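Quick notes on the structure that follows.
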Amino acid sequence: MMLAGWSCRKDVEIFRPYDISVAEISLALQQVPAAQTQSVLVLNNREADTLFVTAGGVRIFLNHLDQLFSNASGVVVPCSTCPDFRLEVIEIQSKGDLIARNTGTVTTENRVLESDGILHLKATCNGQELQLTQGNLLRIQIPGTLPLIANQLFSNTSGTMDVFTGWSGANQPVTASEWQVSGTPPFQLGYQLLVPTLRWVCAGRMLEEPNSSYCVELPLGFSDQNTQVYMVFENMQSVVPLKYQAADFRFCAPFVPQGFPVQVVTVSKLGNQFWLGSKEDETGGANTLTLQPQKMSEQQVIDFIKNL
Numbered sequence: 008m009m010l011a012g013w014s015c016r017k018d019v020e021i022f023r024p025y026d027i028s029v030a031e032i033s034l035a036l037q038q039v040p041a042a043q044t045q046s047v048l049v050l051n052n053r054e055a056d057t058l059f060v061t062a063g064g065v066r067i068f069l070n071h072l073d074q075l076f077s078n079a080s081g082v083v084v085p086c087s088t089c090p091d092f093r094l095e096v097i098e099i100q101s102k103g104d105l106i107a108r109n110t111g112t113v114t115t116e117n118r119v120l121e122s123d124g125i126l127h128l129k130a131t132c133n134g135q136e137l138q139l140t141q142g143n144l145l146r147i148q149i150p151g152t153l154p155l156i157a158n159q160l161f162s163n164t165s166g167t168m169d170v171f172t173g174w175s176g177a178n179q180p181v182t183a184s185e186w187q188v189s190g191t192p193p194f195q196l197g198y199q200l201l202v203p204t205l206r207w208v209c210a211g212r213m214l215e216e217p218n219s220s221y222c223v224e225l226p227l228g229f230s231d232q233n234t235q236v237y238m239v240f241e242n243m244q245s246v247v248p249l250k251y252q253a254a255d256f257r258f259c260a261p262f263v264p265q266g267f268p269v270q271v272v273t274v275s276k277l278g279n280q281f282w283l284g285s286k287e288d289e290t291g292g293a294n295t296l297t298l299q300p301q302k303m304s305e306q307q308v309i310d311f312i313k314n315l
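8 is the number of the first residue of the sequence shown in the working numbering; add one for each residue after it.
Following this line, the structure appears as structure tokens:
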């Protein structure tokens, strides 16, 4: 899959070995998350405490609104003087959502965690992004199911929606909680978080099992320029993006917990053609998996990722 191109100089030929299409893959995968994974609260010059309940049942307690938020310079922005305050909340509801949002469950040290609730929070006033005022904590309740496994809060404030740089421990506890709801049963189990920062937050736990490296080999022509590779753990909310190693043409993760059934998934686009690879494995065995992607339509790829 060697592609040749020409520079402005007629006597210089430039060889580009791979199609550059990862941005097109990310754009296509934006069709994966359901509409109800995103909720927006709009307030106009509001001072009173407010409880925001998202479409997915997440409860966000906006108390002391005139002191809760500040701008990038640290200056407090009172909500009572803001004619257009918005809180945008994205809920990660599936492993397919993790892939579509270009995130995962890996720390900045490449250690794997299990998630039981991930949110992205963005607050703005008249379009200007806000942060929590220093010293303030935002109280959030996230629905969960038994067994409740999360015991630690993780966050990421340096990445964007397009570039995720990994999770960091937030030094805040995650506690089991229960609250009343309308319907049957009349209560909801879940977690209570006290969040010190906005953007990405996660209720989860570290996977402490012994670990080893894990790599995936694809045919020649598949690289980080046109391919995304993920390890999807079975029966748990854990997804590990594998990074490309140009020296040996493999996608690898340095620290993968051993003894877990996983599904390795690759999404590629070469020219106008999508390719999808999928293979089941168990971590801790052979350190390298060989996988042969197959031609798929864009819709087939989207449907597959939705059902992970």
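Just so you know, even glycine gets a beta-carbon here, dropped at the ideal spot from N, CA and C.
Please read all numbers here as calculations on a predicted model, not as lab measurements.
- Query: Can the beta-carbon of F161 be found less than 8 angstroms from the beta-carbon of G211?
  - Reply: On the sequence shown, residue 161 is found 154 positions in, with the first residue counted as 1. On the sequence shown, residue 211 is found 204 positions in, with the first residue counted as 1. Between F161 and G211, the C-beta spacing is below 8 angstroms.
- Quick one: residues in its chain with C-beta nearer than 8 angstroms to the C-beta of S184, no 5 flanking neighbours on either side, listed in chain order? The sequence position of residue 184 within the sequence shown is 177, counting from 1. Counting only Cβ-Cβ distances below 8 angstroms, and skipping sequence neighbours, we find Q148, L196, G197, Y198 and Q199.
- Answer yes if the segment 81–98 comes into contact with the segment 47–62, meaning at least three C-beta pairs across the two stretches below 8 angstroms, and no otherwise. yes
- Message: Strictly by DSSP, which residues pair up with K313?
- Response: The residue you call residue 313 lines up with position 306 of the sequence shown. The partner list for K313 (beta bridge, DSSP) is empty, contrary to what the question assumes.
- Query: Hey, how far is the Cα of M260 from the Cα of Q138?
  - Reply: Mapped onto the sequence shown, residue 260 falls at position 253. Mapped onto the sequence shown, residue 138 falls at position 131. Inspection of the sequence shows that residue 260 is occupied by Ala rather than by Met. So the two alpha carbons sit approximately 33 angstroms from each other.
- Query: In terms of residues, what are the limits of the alpha helix (DSSP H) holding Q187?
  - Reply: What you label residue 187 is simply residue 180 of the sequence shown in a count that begins at 1. Unbroken run through Q187 is the beta strand (DSSP E), V181 to Q187; no alpha helix (DSSP H).
- If you follow the beta strand (DSSP E) that E121 is part of, which residue opens it and which one closes it? Taking the first residue of the sequence shown as 1, we reach residue 121 at position 114. Here the beta strand (DSSP E) through E121 covers L120 to C132.
- Task: Please state whether DSSP places A260 in a helix, a strand or coil.
- Result: Translated into the one-based positions of the sequence shown, residue 260 becomes position 253. Note: A260 maps to strand in three-state DSSP.
- Assign F240 to buried or exposed, taking buried as 16 or more other Cβ atoms, counted over all protein chains shown, within 10 Å of its Cβ. Position 233 of the sequence shown holds residue 240. Buried: at least 16 other Cβ atoms inside 10 Å.
- Item | Cβ-Cβ distance between G173 and N158 below 8 angstroms | On the sequence shown, position 166 is the one that residue 173 refers to. On the sequence shown, position 151 is the one that residue 158 refers to. Their beta carbons are not under 8 angstroms apart, which means G173 does not touch N158 by this criterion.
- Just curious, the alpha helix (DSSP H) that I147 is in, first and last residue? Start at 1 with the first residue of the sequence shown, and residue 147 comes out as number 140. Element bounds for I147: not the alpha helix (DSSP H) but the beta strand (DSSP E), L145 to P150.
- Are the CB atoms of R66 and K129 nearer to each other than 8 angstroms? The residue labelled residue 66 in the question sits at position 59 within the sequence shown. The residue labelled residue 129 in the question sits at position 122 within the sequence shown. No, the pair does not count as a contact, with Cβ atoms beyond the cut-off.
- Compute the Euclidean distance between the alpha carbons of S46 and L227, then round it to the nearest angstrom. To locate residue 46, count along the sequence shown from 1; it is residue 39. To locate residue 227, count along the sequence shown from 1; it is residue 220. Using only the alpha carbons, I get a separation of about 42 angstroms.
- Task: Please state whether DSSP places I32 in a helix, a strand or coil.
- Result: Along the sequence shown, one-based indexing puts residue 32 at 25. Helix, per DSSP.
- Message: For a test of the three-state rule: what should DSSP assign to T191, helix, strand or coil?
- Response: Taking the first residue of the sequence shown as 1, we reach residue 191 at position 184. Three-state DSSP puts T191 in coil, outside helix and strand.
- Query: If you compare alpha carbons, which of M303, Q100 and G291 is closest to G64?
  - Reply: Along the sequence shown, one-based indexing puts residue 64 at 57. It is Q100.
- Query: To which residues of the same chain is D104 closer than 6 angstroms at the C-beta, ignoring the five residues directly before and after it?
  - Reply: Sequence index remark: in the sequence shown, residue 104 carries index 97 (1-based). Only P40 meet the Cβ criterion.
- Message: Between which residues of its own chain and S34 is the CB-CB distance below 8 angstroms, once the five residues before and five after are set aside?
- Response: By 1-based counting over the sequence shown, the position of residue 34 is 27. Per the sequence shown, the amino acid found at residue 34 is Leu instead of Ser. Closer than 8 angstroms at Cβ, skipping near neighbours: no residue.
- Per DSSP, cross-strand counterpart(s) of K276: Position 269 of the sequence shown, counting from 1, holds the residue named residue 276. For K276, which the question treats as bridged, DSSP gives the partners F281.
- Query: For I32, which residues of its own chain have a beta-carbon under 7 angstroms away from its beta-carbon, when the five flanking residues on both sides are left out?
  - Reply: Counting from one through the sequence shown, the residue named residue 32 turns up at place 25. Correct list, in chain order: Q235, V274 and K276.
- Query: Where does the unbroken beta strand (DSSP E) through A210 begin, and where does it stop?
  - Reply: Within the sequence shown, numbered from 1, the residue matching residue 210 stands at position 203. Its beta strand (DSSP E) spans residues R206 to M213.
- Message: Would the segment 212–232 count as touching the segment 292–299 if we require 3 or more Cβ pairs under 8 angstroms?
- Response: Short answer: they touch.
- What residue range is occupied by the uninterrupted beta strand (DSSP E) comprising L160? Numbered from its first residue, the sequence shown carries residue 160 at position 153. Its beta strand (DSSP E) spans residues Q159 to N163.
- Residues that DSSP places opposite T115 in a beta bridge: Here residue 115 refers to the residue found at position 108 when the sequence shown is read from its first residue. Paired residue(s): none; T115 is not in a bridge.
- Helix, strand or coil at E95 according to DSSP, with G and I counted as helix: Numbered from its first residue, the sequence shown carries residue 95 at position 88. Residue state, collapsed to three classes: strand.
- If you drop the 5 nearest sequence neighbours on each side, which residues of the same chain put their C-beta closer than 7 angstroms to that of Q187? Stepping through the sequence shown from its first residue, residue 187 is reached at position 180. Closer than 7 angstroms at the Cβ level, and outside the excluded window around Q187, lie P193 and F194.
- Message: Only counting the same chain, and skipping five residues up and downstream in sequence, which positions put a Cβ closer than 7 angstroms to that of S304?
- Response: Here residue 304 corresponds to residue number 297 of the sequence shown, with the count starting at 1. Excluding sequence neighbours, S304 sits near F281.
- Query: Pick from A79, V29 and I106: whose alpha carbon is nearest that of N314?
  - Reply: By one-based count along the sequence shown, residue 314 stands at place 307. The candidate whose alpha carbon is nearest that of N314 is I106.
- Message: Less than 8 angstroms between C-beta atoms, sequence neighbours within five positions excluded: which residues of the same chain meet that for L153?
- Response: On the sequence shown, position 146 is the one that residue 153 refers to. Only L196 meet the Cβ criterion.
- Query: Taking C-alpha atoms, which residue in S77, L249, T140 and T61 lies nearest to N109?
  - Reply: Counted from its first residue, the sequence shown places residue 109 at position 102. Nearest C-alpha to N109: L249.
- Between N70 and A42, what straight-line distance do the alpha-carbon atoms span, to the nearest angstrom? Position 63 of the sequence shown, counted from the first residue, corresponds to residue 70. Position 35 of the sequence shown, counted from the first residue, corresponds to residue 42. The alpha-carbon atoms of N70 and A42 are separated by roughly 27 angstroms.
- Task: Over the uninterrupted alpha helix (DSSP H) stretch that includes Q4, give me the two end residues.
- Result: The requested residue 4 is not part of the displayed model; the chain covers only 8 to 315.
- Message: Tell me the residue span of the beta strand (DSSP E) that contains I67.
- Response: Numbered from 1 along the sequence shown, position 60 holds the residue referred to as residue 67. R66 to L69 is the span of the beta strand (DSSP E), which, as asked, contains I67.
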